[in-house]
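Reviewing the structure listed below.
Residue numbers (the UniProt record's numbering), protein chains in the order written: chain A, 1 to 358; chain B, 1 to 276.
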């Protein structure tokens, strides 16, 4: 064995097989593969449900709406175009958005446990959503949820900045405080006003659910993903500079404060849009970036696009499970993501990848 | 790089952590930054790196990259002389500054499982285009080879020994192609042989380097020039043999020491007896 100088640093004593160079497939292969898998998943999951429809029938309905095919049965059209298609597309957009937001948040805070909701966003959105749910104007739900998320973000960043620059620790602590406050507000509203029916509706929203997805949901989640996601793809490369901390990033020519502020705001807007259409679906933003980085490595130009594609596919399938396993009853998809996410988390933890997990 | 530290001071938390430091580290050579804990070494390095705007004075560097070679023969040239235009380092554009000045922190560990190639590629960030492509594909491997770390290229960062990590850090700094290299206690946690190898390597780079060092004998053996800080002020500067004298060591470090001459290299060797 080579002469080595031990430092007592954790990670220096990894098992022999950890010394093998990690396999990193080319980015193009991962993106093309991920894209194919996603498209295939969308096509297959649209056919799954209580009314058995084949791929051919689904294709005819889609073709009809693209003006390629003549008349299709009205029932098929209603099931595919009005119910299932907006639902799987919303799931894909939300999954992609949450996975991207989670990956960016973990790098910005240098915290492997960070997720898109870290800045109190989900609690703020919940407070907004619950407030309109008990009043009974569910039409306003996305607007109220988004407003709640933005209010939480503003509160968190204001709190974090009162002590000076937005360091990762300050952001996390401020997010925790805002999150607790909003959660208390939510509990208060539920405790004071909720009755039977609205209670179940509220609980389902708090756990995250895509049951209410419509074409406007696709538009909200999809456009947020396209706009914010593409900006994150371009500027996300700068996140690499944070690997060794703020000073190292500054020495590499990064405006640390401005970059962190901008990226946190972008992530918050993206997350706010996702929460507005689906409630706070957990574990996608936490687990997916870690799972994907096994293949891509932690550099963001590779990690972000693959995480987005994988997150989309993952949530499409999780939601399909949520609506079929106990059909006709539906589970909130947040329960499924947690049930799949925790074992994945356990496997990743066992692998003990690098210093972040030791 | 022709570097002038001119009356630099900074207040942190109401205290002058660095206070009126004047120094001109020689171009193309290794300068040791000495002083007890809390003397302001790390803060001075951050000031010289341009990461911390000074509250007094300025750290001046040539306004344009690469002009140091032409002006280094004329050490007495004043700041206003044509061809040697100087500019405060903290006012340079961040990206352009990162192409000229590299700083290695004292303790820096990654939270993500990067490979050595990816770590060194971080040093190319100041050169990357908006789309993240590096105009110079070979720069990462060149930097690794220069730091004698090419054999580590596919290893995972977390599996490296302390000495290997420090070499890869130096390679990351070299990938920035700096004219000025700033090292904060680069020999910390290294065994004796790795300490000697690293400092010999840095000394022979030919890049203007300022390194904060704790080990006086290492500084005496490898540095062309030393700066001694105490309580944020510069108390002595010059070649190690002139600066590292028993009275200075007593005054700055509070130790009783004899300074001998190394029988083979002729450089000073500090023999410590105890606290003064």
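Quick reminder that beta carbons are idealized off the backbone N, C-alpha and C, glycines included.
Just so you know, these numbers come straight off a predicted model, no measurement behind them.
I'd like to know whether the C-beta of residue i is nearer than 9 Å to at least one C-beta of chain B.
i, result
"residue 248 of chain A", "yes"
"residue 69 of chain A", "no"
"residue 126 of chain A", "no"
"residue 165 of chain A", "no"
"residue 344 of chain A", "no"
"residue 278 of chain A", "no"
"residue 230 of chain A", "no"
"residue 293 of chain A", "yes"
"residue 217 of chain A", "no"
Say whether chain A places a C-beta atom closer than 9 Å to the C-beta of residue i.
i, result
"residue 13 of chain B", "no"
"residue 91 of chain B", "no"
"residue 185 of chain B", "no"
"residue 142 of chain B", "no"
"residue 51 of chain B", "yes"
"residue 199 of chain B", "no"
"residue 76 of chain B", "Because the pLDDT of residue 76 of chain B is 45, which lies under 50, any placement of that residue in the model is unreliable, and the question is left without a value."
"residue 85 of chain B", "no"
"residue 8 of chain B", "no"
"residue 145 of chain B", "no"
Given a threshold of 16 other Cβ atoms within 10 Å of its Cβ, counted over all protein chains shown, does residue i qualify as buried or as exposed?
i, result
"residue 1 of chain B", "buried"
"residue 191 of chain A", "exposed"
"residue 339 of chain A", "exposed"
"residue 131 of chain B", "exposed"
"residue 92 of chain B", "buried"
"residue 118 of chain B", "buried"
"residue 225 of chain B", "buried"
"residue 359 of chain A", "Nothing can be reported for residue 359 of chain A: it is not among the residues displayed for chain A, which extend from 1 to 358."
"residue 208 of chain B", "buried"
"residue 135 of chain A", "exposed"
"residue 263 of chain B", "exposed"
"residue 232 of chain B", "buried"
"residue 270 of chain B", "buried"
"residue 129 of chain A", "buried"
Just the chain B side, please: which residues come within less than 7 Å of residue i by C-beta, in chain order?
i, result
"residue 86 of chain A", "Ordered by position in chain B, no residue passes the 7 Å Cβ test against residue 86 of chain A, which lies about 33 Å from the chain."
"residue 110 of chain A", "111"
"residue 299 of chain A", "118"
"residue 234 of chain A", "130"
State the Cα-Cα distance for the pair residue i and residue j, rounded to the nearest angstrom.
i, j, result
"residue 281 of chain B", "residue 196 of chain B", "The requested residue 281 of chain B does not occur in the structure, where chain B is confined to residues 1 to 276."
"residue 54 of chain B", "residue 123 of chain B", "25 Å"
"residue 155 of chain A", "residue 68 of chain A", "50 Å"
"residue 198 of chain B", "residue 212 of chain B", "14 Å"
"residue 275 of chain B", "residue 48 of chain B", "32 Å"
"residue 259 of chain B", "residue 158 of chain B", "41 Å"
"residue 256 of chain B", "residue 273 of chain B", "6 Å"
"residue 262 of chain A", "residue 230 of chain A", "14 Å"
"residue 101 of chain A", "residue 37 of chain A", "21 Å"
"residue 77 of chain B", "residue 158 of chain A", "Only weak support exists for where residue 77 of chain B lies, its pLDDT of 43 falling under 50; the value from the coordinates is given anyway. C-alpha separation (whole angstroms): 49 Å."
"residue 107 of chain B", "residue 261 of chain B", "33 Å"
"residue 213 of chain A", "residue 140 of chain A", "14 Å"
"residue 273 of chain A", "residue 207 of chain A", "16 Å"
"residue 46 of chain A", "residue 295 of chain A", "28 Å"
"residue 38 of chain B", "residue 121 of chain B", "33 Å"
"residue 334 of chain A", "residue 64 of chain B", "56 Å"
"residue 41 of chain A", "residue 278 of chain A", "20 Å"
"residue 70 of chain B", "residue 5 of chain B", "Residue confidence for residue 70 of chain B is low, a pLDDT of 42 falling below 50, so the modelled location carries little weight and cannot support an answer."
Report the neighbours of residue i on chain B: residues whose CB is nearer than 8 Å to its CB, in chain order.
i, result
"residue 259 of chain A", "Within 8 Å Cβ-Cβ: nothing; residue 259 of chain A doesn't reach chain B, min ~11 Å."
Give the interface partners of residue i over in chain A, defined as CB-CB distance under 9 Å, in chain order.
i, result
"residue 125 of chain B", "237, 238, 240, 241, 249, 252, 253 and 254"
"residue 105 of chain B", "244, 245, 247, 248 and 251"
Could you work out which residues of chain B lie near residue i, taking near to mean beta carbons separated by less than 9 Å?
i, result
"residue 407 of chain A", "Within the shown structure, residues of chain A are numbered from 1 to 358, placing residue 407 of chain A beyond reach of any answer."
Who are the neighbours of residue i on chain A, taking C-beta pairs under 7 Å?
i, result
"residue 108 of chain B", "244, 245 and 248"
"residue 98 of chain B", "251, 252 and 253"
"residue 95 of chain B", "253"
"residue 122 of chain B", "240, 241, 243 and 252"
Along chain A, which residues have their Cβ under 8 Å away from the Cβ of residue i?
i, result
"residue 102 of chain B", "251"
Do the segment 297-313 of chain A and the segment 82-95 of chain A touch if we need at least three Cβ pairs shorter than 8 Å? yes
Using 8 Å as the Cβ pair cut-off and three pairs as the minimum, do the segment 15-35 of chain B and the segment 229-242 of chain B touch? yes
Across the segment 160-177 of chain B and the segment 95-103 of chain B, are there enough close Cβ pairs to call them in contact, namely three or more that are closer than 8 Å? yes
Is there contact between the segment 108-123 of chain A and the segment 146-153 of chain A, where contact requires at least three CB pairs shorter than 8 Å? yes
Count Cβ pairs between the segment 122-140 of chain B and the segment 321-328 of chain A that sit closer than 8 Å; are there 3 or more? no
If contact is defined by three or more beta carbon pairs under 8 Å, each pair taking one atom from either stretch, is the segment 201-219 of chain A in contact with the segment 57-71 of chain A? no
Per the contact definition of three or more C-beta pairs closer than 8 Å, is the segment 50-59 of chain A in contact with the segment 165-182 of chain A? no
Three or more C-beta pairs below 8 Å linking the segment 268-288 of chain A and the segment 146-154 of chain B: no
Does the segment 164-171 of chain B come within contact of the segment 10-18 of chain B, defined as at least 3 CB pairs closer than 8 Å? no
Are the segment 66-86 of chain A and the segment 291-305 of chain A in contact at 8 Å, needing three or more beta carbon pairs? no
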